[in-house]
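In terms of numbering that gives the first Met the number 0, the sequence shown opens at residue 0 and continues consecutively.
Note that the Cβ used here is the ideal one computed from N, Cα and C, for glycine as well.
All values reported here derive from a predicted model rather than from experimental measurement.
Below: the structure, in structure tokens.
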Amino acid sequence: MSDRSSSKVSSGSCSHEEAGETPRHAVPEPTVDIRNLTFQYPAKAGNPRFGLRLPSLTAAAGERMALYGPSGCGKSTLLDLIAGILRADTGTVNIAGAELGAMTEAERRSHRIRHIGFVFQDFPLVEYLDAFDNVLLPFRLTRDLKLDSQARGRARDLLTELGLPGYERRRPHELSQGERQRLAIARALVTDPCLLLADEPTAGLDPHRSQKTLDLLEEICSQHRLTLLLVSHEPAVLERFDHRLNVQELVVESAS
Ligand code: ADP
């Protein structure tokens, strides 16, 4: 296992124009390019302040990287910094060619919605929506994305690509566990992101299902040339990744 806090840039990443437009992979930049990042949560009386220091992290288009470390070491914090939910105190966080530090909170949110897909543990779906509307959910959550015929077509294509053709009107409870996962992955891809953030996507799955889920994520990322950052602490998952980042090594704690 070759742990490292920096993964070499090998090729360009995607760059969406406005939502709804199609050009991808147009700008030769890494999808993720972080330099000299420091971050600390605000001080709370009596509590030590948790913080991270990350000198450099780059991930090119199509690159897959695992983030690991024990519970509480900052994996979710790092994902939130990459997603622009949290803002770095110093350094630069460049995602899909745009510097998050220069953006307002609203701009970061809009950037996140257009460029990043999320895959969560348990693959949560909205039970009262059918499969088609579950896939299109990101479009209903924001005005930054236009729910037009192109978006609907993409949702249909993804359902087919993920082995769910003709399942549009089924509700989540009418799907198997594997089908629900594939539906959640279709939803993560419907905005045509260039970065997929997967937070413990195989936690709680049996080894067979876990391998199948990873196979699918790998295949999807390679087909769509998506950068994948996946959080896990499971050795069987980690050994599938050439690039691994031990988040515990980034931790800085100081008294408040
Ligand atoms: P992991 O995802 O690896 O389990 P987290 O990123 O959730 O770890 O948490 C890292 C550390 O940051 C923990 O010590 C946690 O208590 C602390 N932390 C998380 N959220 C906040 C917050 N909003 N304010 C202050 N400390 C926080």
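(message) For Glu218 and Asn245, what's the separation of their Cα atoms in angstroms?
(response) Those two C-alpha atoms are separated by around 24 Å.
(request) Would you tell me roughly how many angstroms separate the C-alpha atoms of Leu150 and Ile115, rounded to the nearest one? (result) Reading the sequence as shown, one finds Ala at residue 150 and not Leu. Cα-Cα distance, rounded: 16 Å.
(request) Under 7 Å Cβ to Cβ from Thr190, same chain only, skipping five residues before and after it: list those, please. (result) Taken in chain order, the residues that qualify are Ile112, Arg113, Gly116, Pro137, Leu144.
(message) Is any non-hydrogen atom of ligand 1 found closer than 7 Å to the C-beta of Ala67, if you look at the structure I gave you?
(response) A small correction: the amino acid at residue 67 is Tyr; Ala does not occupy that position in the sequence shown. Tyr67 Cβ: outside cutoff for every heavy atom of ligand 1.
(message) If I follow the unbroken alpha helix (DSSP H) through Ala105, where does it start and stop?
(response) For Ala105, the enclosing alpha helix (DSSP H) stretches over residues 104-114.
(request) In angstroms with no decimal places, state the Cα-to-Cα distance between Gly61 and Glu28. (result) Cα to Cα, Gly61 sits roughly 12 Å from Glu28.
(request) Identify whether Gln120 lies in helix, strand or coil by the three-state DSSP scheme. (result) When DSSP states are grouped into helix, strand and coil, Gln120 belongs to the coil group.
(message) When you measure from the CB of Thr201 to every non-hydrogen atom of ligand 1, does any distance come out below 7 Å?
(response) No, the Cβ of Thr201 stays beyond 7 Å of every heavy atom of ligand 1.
(request) Return the chain-ordered list of same chain residues with a C-beta closer than 7 Å to the C-beta of Leu213, the five sequence neighbours on each side being excluded. (result) Excluding residues within five positions, the ones whose Cβ falls inside 7 Å are Thr201, Val236, Arg239.
(request) Flag this pair as yes or no: are the beta carbons of Ile33 and Leu228 separated by less than 8 Å? (result) Cβ distance not < 8 Å, so Ile33 and Leu228 don't count as in contact.
(message) Given this structure, state the Cα-to-Cα distance separating Leu249 from Arg243, to the nearest angstrom.
(response) Roughly 13 Å between the two C-alpha positions.
(request) Could you check if Ala58 is buried or exposed, using at least 16 other CB atoms within 10 Å of its CB as the buried criterion? (result) Burial state of Ala58 is buried, judged by a 10 Å Cβ sphere holding 16 or more other Cβ atoms.
(message) Does the beta-carbon of Lys211, which I'm using as the reference point, lie nearer than 7 Å to any heavy atom of ligand 1?
(response) No; taking the cut-off as 7 Å, the Cβ of Lys211 has no heavy atom of ligand 1 nearer than that.
(message) What residue range does the beta strand (DSSP E) around Arg63 cover?
(response) Unbroken beta strand (DSSP E) run through Arg63: 63-67.
(request) Taking only heavy atoms of ligand 1 into account, decide whether any of them is closer than 7 Å to the Cβ of Phe131. (result) In this structure, ligand 1 has no non-hydrogen atom nearer than 7 Å to the beta-carbon of Phe131.
(message) Considering only the alpha carbon of each residue, which of Gly83, Arg63, Tyr40 lies closest to Arg224?
(response) Among Gly83, Arg63, Tyr40, the Cα nearest to that of Arg224 belongs to Arg63.
(request) Go ahead and pull the three-state DSSP assignment for Pro54. (result) Three-state result, Pro54: strand.
(message) Tell me which residues share the same chain as Arg256 and place their Cβ nearer than 8 Å to its Cβ, disregarding the 5 neighbours each side in the sequence.
(response) With the chain running from 0 to 255 in the structure shown, residue 256 is simply not present.
(request) Specify the secondary structure class of Leu237 as computed by DSSP and reduced to three states. (result) Of the three classes helix, strand and coil, the one that applies to Leu237 here is helix, per DSSP.
(message) Please state the DSSP three-state secondary structure of Leu78.
(response) When DSSP states are grouped into helix, strand and coil, Leu78 belongs to the helix group.
(request) For my contact list, Leu77 and Leu51 are in at a C-beta cut-off of 8 Å; report their separation, rounded to the angstrom. (result) So it is a contact: roughly 6 Å between Cβ atoms.
(message) For chain C, check one thing: does any of its Cβ atoms lie closer than 8 Å to the Cβ of Val125?
(response) Any reference to chain C falls outside this structure, which holds one protein chain only.
(request) Would you kindly report the start and end of the unbroken beta strand (DSSP E) that includes Arg243? (result) Run containing Arg243: 242-245, per the beta strand (DSSP E) assignment.
(request) Using the Cα positions of Val118 and Val230, report the straight-line distance between them to the nearest angstrom. (result) Cα to Cα, Val118 sits roughly 10 Å from Val230.
(request) My understanding is that Leu140 touches Asn133, with C-beta atoms under 8 Å, so please give their C-beta distance in whole angstroms. (result) Here Leu140 is actually not in contact with Asn133; their C-beta atoms are around 12 Å apart, not less than 8 Å.
(request) Report yes if the CB atom of Thr30 is closer than 8 Å to the CB atom of Ala95, and no otherwise. (result) Result yes, Cβ atoms of Thr30 and Ala95 sit closer than 8 Å.
(request) Could you please go through the chain and list the residues whose beta-carbon is closer than 5 Å to any non-hydrogen atom of ligand 1? (result) Those residues that have a beta carbon less than 5 Å away from any non-hydrogen atom of ligand 1 are, in order along the chain, Tyr40, Phe49, Ser70, Gly71, Cys72, Gly73, Lys74, Ser75, Thr76.
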